[in-house]
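Q: Dumping the structure here so I can ask a few things about it.
4 protein chains.
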Amino acid sequence: MIDTSPVKWHLAHTSWFFETFVLAAHSPNYRPFQPEFRTLFNSYYNTVGPQPLRTERGLLTRPALADVQAYRRRVDAQMLSLLETAQELAAALLDVIELGIHHEQQHQELILTDVKHLFSRNPLRPSYRPSAPSPAENSKPLTWHAHAEGLQRVGHTGADFAFDNEKPNHRVFLHAFELTSRLVTNEEYLAFMDDQGYQRPELWLSDGWNAVQRYGWRAPLYWEQDAGCWQLFTLSGPRTWRGSEPVCHVSYYEADAFARWARARLPREAEWELAAQQQTVRGNFCEAGFLHPVPVSSESNGGPAQLFGDVWEWTQSPYLPYPGYAPPAGALGEYNGKFMCNQIVLRGGSCATPASHIRATYRNFFFPEARWQFSGIRLARDL
Amino acid sequence: MIDTSPVKWHLAHTSWFFETFVLAAHSPNYRPFQPEFRTLFNSYYNTVGPQPLRTERGLLTRPALADVQAYRRRVDAQMLSLLETAQELAAALLDVIELGIHHEQQHQELILTDVKHLFSRNPLRPSYRPSAPSPAENSKPLTWHAHAEGLQRVGHTGADFAFDNEKPNHRVFLHAFELTSRLVTNEEYLAFMDDQGYQRPELWLSDGWNAVQRYGWRAPLYWEQDAGCWQLFTLSGPRTWRGSEPVCHVSYYEADAFARWARARLPREAEWELAAQQQTVRGNFCEAGFLHPVPVSSESNGGPAQLFGDVWEWTQSPYLPYPGYAPPAGALGEYNGKFMCNQIVLRGGSCATPASHIRATYRNFFFPEARWQFSGIRLARDL
Amino acid sequence: MIDTSPVKWHLAHTSWFFETFVLAAHSPNYRPFQPEFRTLFNSYYNTVGPQPLRTERGLLTRPALADVQAYRRRVDAQMLSLLETAQELAAALLDVIELGIHHEQQHQELILTDVKHLFSRNPLRPSYRPSAPSPAENSKPLTWHAHAEGLQRVGHTGADFAFDNEKPNHRVFLHAFELTSRLVTNEEYLAFMDDQGYQRPELWLSDGWNAVQRYGWRAPLYWEQDAGCWQLFTLSGPRTWRGSEPVCHVSYYEADAFARWARARLPREAEWELAAQQQTVRGNFCEAGFLHPVPVSSESNGGPAQLFGDVWEWTQSPYLPYPGYAPPAGALGEYNGKFMCNQIVLRGGSCATPASHIRATYRNFFFPEARWQFSGIRLARDL
Amino acid sequence: MIDTSPVKWHLAHTSWFFETFVLAAHSPNYRPFQPEFRTLFNSYYNTVGPQPLRTERGLLTRPALADVQAYRRRVDAQMLSLLETAQELAAALLDVIELGIHHEQQHQELILTDVKHLFSRNPLRPSYRPSAPSPAENSKPLTWHAHAEGLQRVGHTGADFAFDNEKPNHRVFLHAFELTSRLVTNEEYLAFMDDQGYQRPELWLSDGWNAVQRYGWRAPLYWEQDAGCWQLFTLSGPRTWRGSEPVCHVSYYEADAFARWARARLPREAEWELAAQQQTVRGNFCEAGFLHPVPVSSESNGGPAQLFGDVWEWTQSPYLPYPGYAPPAGALGEYNGKFMCNQIVLRGGSCATPASHIRATYRNFFFPEARWQFSGIRLARDL
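Line by line, the protein sequences give chains A, B, C and D.
Letter 312 of the first sequence, counting from 1, is numbered 312 in the numbering used here, and no numbers are missing.
Letter 171 of the second sequence, counting from 1, is numbered 171 in the numbering used here, and no numbers are missing.
Letter 54 of the third sequence, counting from 1, is numbered 54 in the numbering used here, and no numbers are missing.
Letter 319 of the fourth sequence, counting from 1, is numbered 319 in the numbering used here, and no numbers are missing.
What follows is the structure in structure tokens.
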């Protein structure tokens with residue numbers, strides 16, 4: 001699957017990031033661990049140089065895992081030495097180090113989603129690790145939280161870390177809208193399927209309907225029928241399907257079709273952010289030992305629940321630069337800016353996202369066909 | 001080329017539109033010209049029924065052109081009879097008739113662009129018809145027109161015809177910006193090419209750079225090198241390249257890369273519309289006998305020139321529903337709404353657009369790779 | 001369909017053959033009808049020059065049919081003038097003229113098979129022309145004709161016309177074998193289908209089984225189910241299926257699987273030719289007004305019937321040069337020799353082959369997946 | 001690359017062969033090591049059951065290498081126990097065991113060629129192991145060995161092991177021919193390249209010329225230009241190019257084009273076998289520590305040299321069943337028979353073939369585009 005990479009590659013690439021953008025950038029005399037790695041583990045930075053084809057990452061039986069681990073140890077040690085001199089370091093370099101840490105967090109999540117996909121294709125149905133016992137089923141009725149129209153501010157502000165694509169903080173006019181109190185559940189999604197959701201073109205965007213035909217979609221990714229019952233393939237192997245869990249592993253097209261069927265729509269990213277500004281970021285489930293989103297438990301502060309850390313929520317907003325956005329100069333300008341086309345923004349973080357990586361202004365983005373992330377659905381409506 | 005259709009198909013499909021949505025809808029006893037045509041000339045209306053594969057339109061050697069012309073005559077005659085009773089017709093039916101006329105205008109333009117593409121691939125290099133003598137070269141310096149920030153209204157209002165996607169009229173907050181006084185010219189685009197524009201990945205969106213590699217783009221579509229000089233393939237056959245004409249037949253990716261190279265950006269569609277609201281719609285060049293955009297001639301009312309009827313201007317806005325948008329019920333709901341994903345809005349009308357078809361609120365849309373329309377570039381900047 | 005070409009192209013290409021290889025070759029001052037045609041209607045002669053992509057033949061809306069007809073008239077007239085001086089012409093040129101006539105006969109057959117394919121894809125289900133009334137159903141029992149082992153001679157000999165690939169006449173050792181007395185019928189093929197022939201991999205070559213999956217083959221080409229009954233699409237439009245007609249429009253893979261199911265095999269081409277040497281070539285059905293193979297009628301001289309003019313019979317022989325084969329020098333060496341790889345020999349001529357074009361040594365050849373020719377099955381067995 | 005498999009897969013598949021066809025077939029109570037392996041490591045035996053897609057073999061990160069090694073140890077131990085009772089075993093079972101050993105030898109060679117391909121794509125340019133010191137350059141002049149025409153016998157005879165496709169021994173009439181005294185060298189192949197061999201369509205089969213364009217072939221696989229000089233990628237990493245070594249890693253198309261350029265042809269497989277019958281099989285170079293073909297050293301018995309164990313020699317013979325061939329009943333009938341279409345026979349064994357696996361009647365077969373095997377060229381001519 002073209003979107004996924006081997007774990008070994010993720011391990012090497014995140015150290016490559018520190019080696020390339022911190023160690024080599026800081027010291028003109030830096031001697032690389034192995035010069036070929038500069039090319040080998042470059043993901044997409046044309047400014048740094050050529051990259052192996054993405055489809056060939058799976059063919060790299062060399063360097064062996066032990067060599068990659070040695071590479072990581074060496075880079076880590078050099079980074080620690082450097083950090084001991086942190087008070088002497090330029091602010092710009094410290095910024096890159098911070099970026100590298102957030103970059104590594106992104107790849108921690110990708111390792112989980114990529115392993116899940118890989119294991120799902122393996123006839124042995126492997127388990128990554130046992131899951132914590134799931135919380136009880138819990139079916140909260142769906143309610144709506146209203147917001148009046150008005151000129152609002154969104155985007156990152158303050159001194160904390162944020163990616164360039166979350167800035168600048170800016171004004172946007174929002175019409176009156178409302179958001180659902182929780183995520184769409186498996187049970188609700190099954191009702192869409194039972195109502196011929198995947199067979200009725202009038203529910204779908206044109207490109208979505210084409211994708212349904214081309215890929216033969218009939219259910220979310222990882223839903224499997226076993227003797228007439230649905231089960232899910234999870235990071236703990238195959239598991240019973242549970243109705244009150246948030247539906248996940250749906251594409252944008254499926255989220256959009258579900259919303260149309262439900263006589264609603266997906267939120268705009270600014271609407272989502274406005275609601276999220278009023279909520280406390282909660283620890284995600286990965287730390288709690290869950291490797292899967294769980295049923296809604298508590299009201300969040302009177303506002304919508306499950307905004308953070310369950311599933312990435314598809315918005316209806318294409319991924320675009322904010323007004324006044326400018327990518328940083330140099331290679332790191334390629335981090336986010338060049339992807340601002342053809343992708344859709346998702347918000348909120350998933351059960352595989354490190355807790356400290358989640359915030360209300362965070363903008364994730366994937367192509368509308370992508371299903372291998374923990375991606376789910378929250379509904380919105382005009383008022 | 002998958003985006004284009006044979007002229008015979010366009011002729012039949014536009015009559016099909018009237019037969020299906022007006023004649024057959026109005027009279028329960030309507031006897032179709034040929035029942036198979038209901039399927040054969042359906043473009044994409046799933047609600048009406050199945051459609052032949054788009055790629056097979058070119059294989060329809062039957063019905064012959066004479067049969068299609070007879071079909072058109074019969075449908076036209078029936079429409080004229082119906083219109084003689086117009087005062088008795090329901091308002092909804094009159095709306096569909098009006099829509100059918102605008103639909104036919106869209107296909108008039110597509111016939112020109114599709115024939116141009118077809119002829120360009122023919123080694124005989126045919127000419128569709130001779131062009132009117134071109135106006136003199138005319139190189140106006142580029143200047144900028146500023147707009148202050150503010151809450152603005154865009155979208156169609158009033159009783160005149162507009163497509164559903166131009167409504168509702170709604171508020172949007174715009175930051176301060178400025179637009180260029182005229183379109184980007186061939187000469188300016190050549191400077192981008194001479195500055196290695198097609199060889200420098202840092203100027204391109206990631207998907208754009210991939211398209212450059214995949215298709216081997218090195219110049220706009222229809223630019224051809226002949227003994228070291230550029231010439232253009234036009235609807236009048238091959239022709240000398242002229243520097244002060246607006247550049248056209250560029251993709252969104254090329255427009256975006258050019259803008260980045262020029263240290264500017266493409267306009268948002270609301271910015272463009274705001275500027276266009278203050279300009280009079282001018283007759284396009286098709287009626288004047290030109291089949292190609294011509295150099296800028298006069299200032300338009302103190303604002304930006306060439307907003308209407310030269311080339312479709314790529315905006316940076318993905319094609320999305322306006323706040324509060326709802327497609328009409330039934331098959332005609334498929335006209336626009338289901339395409340609101342993965343495409344980019346273009347504004348202004350081209351030299352192939354019928355004059356009466358152009359207006360400030362008009363939203364055209366194509367995929368970012370499309371180059372066979374008369375599509376060009378206007379620049380914007382933040383203030 | 002990549003294997004087929006428009007009728008207009010066939011008409012132009014066959015005149016192109018005479019213009020290029022006779023008129024232009026004979027007279028150094030020859031002034032071509034239109035110089036671009038030299039490239040435009042070149043099928044595959046690299047020695048002559050570049051060719052338009054085969055897939056683009058369908059895009060040539062220019063030259064119009066009337067222009068192609070004018071081209072044919074002019075070339076025909078020039079050829080007639082030349083032929084009036086035939087006694088002065090070099091033997092080599094006369095040979096090329098004869099080749100050009102046989103070349104045109106090949107395209108006469110291709111026009112029929114290509115039109116059949118094109119019409120079959122047209123939802124209007126057009127008819128090329130009405131068929132002659134079919135002969136009565138006639139179910140002769142299948143018997144076997146034996147041949148003893150021995151060193152035999154095959155390949156063309158004598159002064160009559162033959163393609164280079166039929167020469168030289170040469171010796172080949174054949175083990176004892178037998179051939180069936182007639183072609184496999186629709187009824188017999190249906191028994192294979194009813195016995196799960198398309199569902200049992202053990203009956204298929206590996207590449208054949210892959211083709212079954214890839215294309216979803218479940219019956220021969222042009223077999224269609226209508227309310228539970230099979231009908232055939234023919235050059236006279238859809239028609240009732242008849243059990244005693246020879247099965248046709250099967251690929252090599254289907255012919256081979258049928259033979260394996262029938263505990264037999266396909267003939268080697270030398271075996272087929274040995275049997276055919278003893279039979280009189282019969283006029284094919286095209287001249288009789290049939291556009292479809294008909295049930296077997298009479299014994300042919302005590303040997304196998306239906307050897308000539310019903311369907312092209314798949315052999316098990318890959319298309320290879322005969323021992324001692326040498327292609328002619330120059331462009332005409334590309335006529336046959338360069339295709340001697342990956343294709344399979346068929347023998348006997350079909351109901352669409354001109355009668356004077358059929359002979360016992362004739363070697364037709366197609367890729368094993370091809371089904372759009374009138375291709376059928378005769379069985380062989382080792383003794 | 002679709003033709004190659006991971007080493008881990010080869011290791012498991014060869015044990016799977018013994019488990020499936022010997023252990024499980026012999027004992028109805030056999031308890032498999034892991035039941036899923038029956039599916040997981042099935043290569044192409046439809047009779048045994050479904051198989052994972054070939055393209056997915058590289059995704060099997062589970063079972064881990066250690067698990068595969070445990071699987072091999074267990075199967076090996078069970079096979080040893082069984083063999084201790086060999087005198088009690090049915091002859092048919094002993095035949096399958098012998099087949100399994102030859103099957104494993106085939107995969108020993110494939111491991112080397114697949115690793116070579118994998119390493120060649122790795123930017124680190126790994127070496128599998130150091131090569132033995134190469135013998136001296138040695139340029140023997142090319143001479144020809146003639147054979148008179150006659151009815152000959154080819155195919156395996158006697159009690160030794162042979163695959164089903166080498167049988168039955170049968171008669172074939174061969175016209176007079178001659179074979180070259182040694183293989184074509186790098187130097188000779190370079191002369192073809194220098195004479196524009198890859199640029200002249202008249203030297204190529206039509207499908208070969210298409211392959212040249214599609215893949216951009218300009219030299220054999222693993223030839224690389226470094227500062228204007230050719231070097232080879234080998235199992236010992238990149239290495240200097242040497243003129244007198246046999247050329248290898250060419251496709252059938254390249255071998256055929258070279259032969260045409262050299263005014264010769266490739267041998268028929270019966271011609272090759274006739275010459276080889278008179279030569280002693282020599283140990284191949286793999287055992288001698290070479291991982292690459294080496295220059296010709298000595299005359300072989302007065303006949304052609306280098307027939308065995310240097311490179312697989314492309315013949316001009318498509319891979320077909322011998323007259324009277326019948327595959328064995330059951331799943332093992334799929335071993336060879338179903339591949340007898342679209343592939344070409346190669347003879348002689350390569351430097352990666354185990355010595356005991358080589359014999360004069362051995363028929364290897366690959367698609368004409370294949371280049372990753374050690375495949376080279378010997379020429380033939382009609383007399």
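Here a beta-carbon is modelled for each residue, glycine too, at the ideal position from N, C-alpha and C.
Does D160 of chain B come out as helix, strand or coil in the three-state DSSP assignment?
A: Sequence index remark: in the second sequence, residue 160 of chain B carries index 160 (1-based). The answer is coil: DSSP assigns D160 of chain B none of H, G, I, E or B.
Q: Any C-beta of chain C within less than 9 Å: which residues of the region 34–54 of chain D qualify?
A: Y44, N46, T47
Q: Tell me the DSSP secondary structure of T55 of chain A in three-state form.
A: Residue mapping note: residue 55 of chain A aligns to position 55 of the first sequence, counting from 1. Here T55 of chain A sits in helix by DSSP.
Q: My output table needs one value for P201 of chain D: the three-state DSSP class, helix, strand or coil.
A: In the fourth sequence, counting from the first residue as 1, residue 201 of chain D sits at position 201. Residue state, collapsed to three classes: helix.
Q: Taking only beta-carbon positions, decide if P328 of chain C is within less than 8 Å of chain D.
A: Along the third sequence, one-based indexing puts residue 328 of chain C at 328. No, because no Cβ of chain D sits closer than 8 Å to the Cβ of P328 of chain C.
Q: If we call anything under 8 Å between Cβ atoms a contact, is R242 of chain C one with N186 of chain C?
A: On the third sequence, residue 242 of chain C is found 242 positions in, with the first residue counted as 1. On the third sequence, residue 186 of chain C is found 186 positions in, with the first residue counted as 1. Yes, the pair counts as a contact, with Cβ atoms nearer than the cut-off.
Q: When the Cα atoms are used, what is the spatial distance from N46 of chain C to G208 of chain D?
A: Within the third sequence, residue 46 of chain C is the residue found at index 46, counting from 1. Within the fourth sequence, residue 208 of chain D is the residue found at index 208, counting from 1. So the two alpha carbons sit approximately 13 Å from each other.
Q: If we define contact as Cβ-Cβ less than 8 Å, is G243 of chain A a contact residue for chain D?
A: As a working note, residue 243 of chain A is residue 243 in the first sequence. No, G243 of chain A does not count as interfacial toward chain D.
Q: Measuring only between beta-carbons, confirm whether R121 of chain D sits less than 8 Å from chain A.
A: Stepping through the fourth sequence from its first residue, residue 121 of chain D is reached at position 121. Interface residue, yes.
Q: Output yes or no for whether 8 Å exceeds the beta carbon distance between T113 of chain B and F374 of chain B.
A: Here the question's residue 113 of chain B lines up with position 113 in the second sequence. Here the question's residue 374 of chain B lines up with position 374 in the second sequence. Yes.
Q: What number of angstroms, rounded off, separates the C-alpha of V154 of chain C from the C-alpha of R268 of chain C?
A: The residue given as residue 154 of chain C occupies position 154 in the third sequence. The residue given as residue 268 of chain C occupies position 268 in the third sequence. If I take the Cα positions, the gap works out to 12 Å.
Q: Going by Cα to Cα distance, which pick from A:L274, A:D256, A:Y335 is closest to G376 of chain A?
A: Position 376 of the first sequence, counted from the start, is the residue given in the question as residue 376 of chain A. Nearest of A:L274, A:D256, A:Y335 to G376 of chain A, Cα basis: A:D256.
Q: Rounded to whole angstroms, how far is the Cβ of L124 of chain A from the Cβ of E36 of chain D, which I believe are closer than 8 Å?
A: Start at 1 with the first residue of the first sequence, and residue 124 of chain A comes out as number 124. Start at 1 with the first residue of the fourth sequence, and residue 36 of chain D comes out as number 36. That belief holds up - the Cβ atoms of L124 of chain A and E36 of chain D are roughly 5 Å apart, short of 8 Å.
Q: Going along chain C, which residues have a C-beta under 7 Å from G58 of chain B?
A: On the second sequence, position 58 is the one that residue 58 of chain B refers to. Simply G58.
Q: Nearest to A227 of chain C by CA position, among C:R218, C:E254, C:T240, is which residue?
A: The sequence position of residue 227 of chain C within the third sequence is 227, counting from 1. With distances taken between Cα atoms, A227 of chain C lies closest to C:T240.
Q: Check distances from the C-beta atoms of the region 58–88 of chain A to those of chain D and list, in chain order, the residues that come in under 7 Å.
A: G58, L59, L60, T61, R62, P63
Q: Mark Q349 of chain A as exposed unless 16 or more other C-beta atoms lie within 10 angstroms of its C-beta, in which case mark it buried.
A: The residue you call residue 349 of chain A lines up with position 349 of the first sequence. Correcting the residue identity first, residue 349 of chain A is Gly in this sequence and not Gln. The C-beta of G349 of chain A has 16 or more other C-beta atoms within 10 Å across all chains shown, which makes the residue buried.
Q: Which residue wins for smallest C-alpha separation from A355 of chain A, given the options A:A329, A:A326, A:G289?
A: As a position in the first sequence, residue 355 of chain A is number 355, starting the count at 1. Residue A:G289 is the option with its Cα nearest to A355 of chain A.
Q: E271 of chain A to R347 of chain A, Cα distance in whole Å?
A: For this step, residue 271 of chain A is matched to residue 271 along the first sequence. For this step, residue 347 of chain A is matched to residue 347 along the first sequence. Rounded to the nearest angstrom, the two C-alpha atoms are 11 Å apart.
Q: Helix, strand or coil for Q106 of chain B, going by three-state DSSP, please let me know.
A: Position 106 of the second sequence, counted from the start, is the residue given in the question as residue 106 of chain B. Residue state, collapsed to three classes: helix.
Q: Put I358 of chain D into one of helix, strand or coil per three-state DSSP.
A: By one-based count along the fourth sequence, residue 358 of chain D stands at place 358. In this structure, DSSP gives I358 of chain D a state outside helix and strand, which the three-state scheme calls coil.
Q: Would you identify the three-state DSSP class for H26 of chain D, choosing helix, strand or coil?
A: In the fourth sequence, the residue the question calls residue 26 of chain D occupies position 26. Correct three-state label for H26 of chain D: helix.
Q: If you draw a straight line from the alpha carbon of P327 of chain A to that of K338 of chain A, how long is it in whole angstroms?
A: One-based indexing of the first sequence puts residue 327 of chain A at position 327. One-based indexing of the first sequence puts residue 338 of chain A at position 338. When rounded, the separation of the alpha-carbon atoms in P327 of chain A and K338 of chain A is 9 Å.
Q: Is the beta carbon of Y322 of chain B sitting closer than 8 Å to the one on S236 of chain B?
A: Here residue 322 of chain B refers to the residue found at position 322 of the second sequence. Here residue 236 of chain B refers to the residue found at position 236 of the second sequence. Result no, Cβ atoms of Y322 of chain B and S236 of chain B do not sit closer than 8 Å.
Q: Between which two residues does the beta strand (DSSP E) carrying T234 of chain D extend?
A: The residue labelled residue 234 of chain D in the question sits at position 234 within the fourth sequence. First-last of the beta strand (DSSP E) with T234 of chain D: 229–234.
Q: Could you pull the start and end residues of the beta strand (DSSP E) that V172 of chain A belongs to?
A: Position 172 of the first sequence holds residue 172 of chain A. Residues 170–174.
Q: Whose Cβ in chain C lies nearer than 9 Å to the Cβ of G324 of chain D?
A: Within the fourth sequence, numbered from 1, the residue matching residue 324 of chain D stands at position 324. The contacting residues are H175, D382.
Q: Should T353 of chain D be labelled buried (16 or more other beta-carbon atoms within 10 Å of its own) or exposed?
A: Along the fourth sequence, one-based indexing puts residue 353 of chain D at 353. Answer is buried; the Cβ neighbour count reaches 16.
Q: Shortest alpha-carbon distance to M1 of chain B belongs to which of B:L118, B:N29, B:H13, B:R62?
A: By one-based count along the second sequence, residue 1 of chain B stands at place 1. Nearest option by C-alpha distance: B:L118.
Q: With distance defined between alpha-carbon atoms, name the residue in D:P318, D:R282, D:E104 nearest to V7 of chain D.
A: Within the fourth sequence, numbered from 1, the residue matching residue 7 of chain D stands at position 7. Ranking D:P318, D:R282, D:E104 by Cα distance to V7 of chain D puts D:E104 first.
Q: Run through chain D and tell me which residues come within less than 7 Å of P293 of chain A, C-beta to C-beta.
A: Within the first sequence, numbered from 1, the residue matching residue 293 of chain A stands at position 293. Those within 7 Å of P293 of chain A in chain D number zero; the least Cβ separation is about 25 Å.
Q: Ignoring anything shorter than 3 residues, give me the beta strand (DSSP E) runs that lie fully in the region 243–319 of chain A, in order along the chain.
A: 312–318
Q: When you check each C-beta in the region 102–122 of chain C against every C-beta of chain B, which residues fall closer than 9 Å?
A: So the list reads V115, L118, F119, R121, N122, given in the order they occur along the chain.
Q: Taking 8 Å as the CB-CB cut-off, is F339 of chain D touching chain C?
A: Sequence index remark: in the fourth sequence, residue 339 of chain D carries index 339 (1-based). So, interface residue.
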